[in-house]
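Each remark here refers to the structure printed beneath this line.
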């Protein structure tokens with residue numbers, strides 16, 4: 001727990017033994033006595049820093065995630081006269097510029113508008129929203145990312161979704177406008193750029209698995225129900241998902257068909273008041289821990305006009321989920337789903353029979369856009385880490401960042417990341433209802449650029 005007690009350098013110097021060891025980093029004093037034996041570098045290394053301001057040496061070997069995880073438990077006070085360096089802070093911009101700068105201010109570590117550059121897209125509501133998202137990510141996600149990424153549970157803690165909702169953030173992932181009827185009032189004037197901030201800031205955790213596990217199912221599985229479902233289905237599903245009580249996933253891909261949506265084979269045969277569903281779905285994100293399943297099925301003949309959407313529910317006889325052990329993104333709960341004579345009430349039909357293809361496609365560009373936002377921020381996290389390392393590491397008698405080739409590599413990464421972010425802003429400036437015919441081409445180009453710089 002944070003402590004505001006002020007400690008002078010002379011008092012700090014007294015705590016330099018194995019039984020009583022303190023040190024300071026960025027103006028904060030930590031009691032590391034009980035951490036000595038757990039230190040990966042060994043007890044002796046840490047003892048040498050006892051009673052000292054160890055900011056420089058700490059940053060040479062550690063990233064900020066270490067303090068985020070252990071710092072609150074070890075903090076005992078603040079070092080008098082020391083310069084602190086807090087994340088998520090604001091600083092005044094250049095003279096004559098009324099907009100505050102935000103964040104750690106590492107070059108290109110955040111989008112340009114965070115660092116004093118002019119932008120026509122953002123106002124006070126966006127700035128407040130940004131601070132809320134960052135506070136949630138720093139407190140409830142970043143300290144646990146490594147643990148979740150390597151957990152044998154292949155899922156995130158269930159209470160995380162409620163925390164996400166209680167922070168007033170979860171409903172934002174379904175896009176603008178804010179679903180006020182089911183989630184209460186949201187940020188003033190919630191628009192596409194609020195969502196851009198939300199997805200981008202969540203991406204600062206640096207884990208694709210955590211991102212997909214946290215919101216991907218809701219982002220892609222809930223919009224068909226929200227936009228096309230009957231009142232019965234909306235009342236049953238939407239509020240419980242937006243509150244974090246229930247989870248939902250989208251089931252499109254099959255073992256024999258992925259992007260070829262029009263040729264899906266899973267069937268739904270009408271028998272009285274039920275559809276009898278048979279088939280299989282593969283690579284389903286969040287399927288292992290979802291309560292609802294938005295499933296593409298074939299209710300008619302071949303091609304896109306024969307497709308419909310059904311809402312299936314956890315526990316329906318014949319619906320079985322098997323975890324797929326992928327090479328990464330484990331917290332996303334990637335799933336193989338088998339459907340054998342599953343009886344689904346006709347009331348669970350989403351929209352009209354035969355309109356499934358249109359409903360699926362209606363959110364695909366929104367999904368593509370979200371994936372590129374994530375990819376671009378993850379690339380920015382890599383740039384941020386590389387920049388910090390280049391500032392700390394010394395080779396041939398000077399900082400790594402002073403070498404021309406290293407500076408070129410950093411500049412090239414920054415160029416591509418900022419160009420992609422600017423393009424994302426432009427794409428979202430267009431209304432989806434009016435610009436879908438342009439969005440697909442633009443998103444394809446952005447995806448190509450994003451893939452290209454990630455391979456470098």
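In full-length UniProt numbering, the protein residues as written are 1 to 456. A virtual CB, placed ideally from N, CA and C, is assigned to each residue, including glycine.
For residue j and residue i, the rounded distance between their alpha carbons
i           : j           : result
residue 424 : residue 15  : 52 Å
residue 33  : residue 50  : 9 Å
residue 48  : residue 81  : 22 Å
residue 271 : residue 344 : 10 Å
residue 419 : residue 406 : 20 Å
residue 145 : residue 30  : 23 Å
residue 235 : residue 350 : 13 Å
residue 302 : residue 115 : 53 Å
residue 24  : residue 182 : 47 Å
residue 240 : residue 150 : 29 Å
residue 10  : residue 121 : 50 Å
residue 139 : residue 306 : 47 Å
residue 417 : residue 316 : 45 Å
residue 71  : residue 61  : 16 Å
residue 66  : residue 28  : 14 Å
residue 6   : residue 215 : 41 Å
residue 326 : residue 282 : 12 Å
residue 233 : residue 184 : 19 Å
residue 12  : residue 26  : 14 Å
residue 141 : residue 130 : 15 Å
residue 500 : residue 111 : Nothing about residue 500 can be reported from this structure: the residues present for the chain run from 1 to 456 only.
residue 124 : residue 364 : 30 Å
residue 404 : residue 8   : 41 Å
residue 104 : residue 113 : 13 Å
residue 4   : residue 22  : 16 Å
residue 415 : residue 409 : 10 Å
residue 319 : residue 218 : 20 Å
residue 370 : residue 76  : 41 Å
residue 422 : residue 117 : 12 Å
residue 180 : residue 254 : 34 Å
residue 280 : residue 314 : 15 Å
Sequence-distant residues of its chain with Cβ nearer than 7 Å to residue i (five each side left out)
i           : result
residue 148 : 156, 210 and 331
residue 69  : 143
residue 346 : 273, 274 and 275
residue 269 : 275 and 276
Interface flag, residue i vs chain C, CB-CB below 8 Å
i           : result
residue 282 : As a matter of chain content, chain C is missing from the structure shown, which is built from one protein chain.
Contacting residues, own chain, Cβ-Cβ under 8 Å from residue i (five flanking each side not counted)
i           : result
residue 237 : 222, 225, 229, 246, 248, 292 and 311
residue 289 : 155, 158, 247 and 333
residue 18  : 33, 36, 43 and 47
residue 257 : 263, 264 and 265
residue 96  : Low local confidence applies: a pLDDT of 36 at residue 96 is under 50, so the model's placement there is unreliable, with the coordinate-based value given in what follows. Excluding positions up to five away in sequence, the list is empty.
Cβ-based neighbour list, residue i, same chain, cut-off 6 Å, excluding 5 preceding and 5 following
i           : result
residue 250 : 220, 221 and 294
residue 321 : 287, 288, 335 and 337
residue 393 : 400
residue 356 : 296, 307, 308 and 309
residue 178 : 186 and 190
residue 163 : 140
residue 135 : none
Top-ranked residue by Cα proximity to residue i, from the options
i           : options               : result
residue 196 : 206, 174 and 244      : 174
residue 411 : 428, 213 and 380      : 380
residue 427 : 397, 408 and 366      : 366
residue 372 : 136, 267 and 200      : 200
residue 74  : 227, 20 and 141       : 20
residue 324 : 108, 153 and 132      : 153
residue 56  : 176, 389 and 103      : 389
residue 204 : 167, 123, 109 and 398 : 109
residue 284 : 167, 58 and 252       : 252
residue 300 : 160, 267 and 254      : 267
residue 467 : 402, 259, 280 and 304 : The structure shown does not extend to residue 467, since the chain is modelled only from 1 to 456, so the question has no answer here.
residue 231 : 348, 304 and 59       : 348
Cβ-Cβ distance between residue i and residue j below 8 Å
i           : j           : result
residue 383 : residue 413 : yes
residue 170 : residue 244 : yes
residue 106 : residue 387 : yes
residue 172 : residue 378 : no
residue 165 : residue 242 : yes
residue 261 : residue 360 : yes
residue 340 : residue 278 : yes
residue 212 : residue 329 : yes
residue 126 : residue 194 : yes
residue 198 : residue 133 : yes
residue 385 : residue 41  : no
residue 227 : residue 362 : yes
Residue i: CB within 7 Å of a non-hydrogen atom of the ligand ZN
i           : result
residue 311 : In the structure on display, the ligand ZN does not appear, and there are no ligands present to speak of.
Cβ contact (3+ pairs, closer than 8 Å) linking the region 172–191 and the region 300–314: Fewer than three Cβ pairs drawn from the region 172–191 and the region 300–314 lie within less than 8 Å of each other, which leaves the two stretches out of contact.
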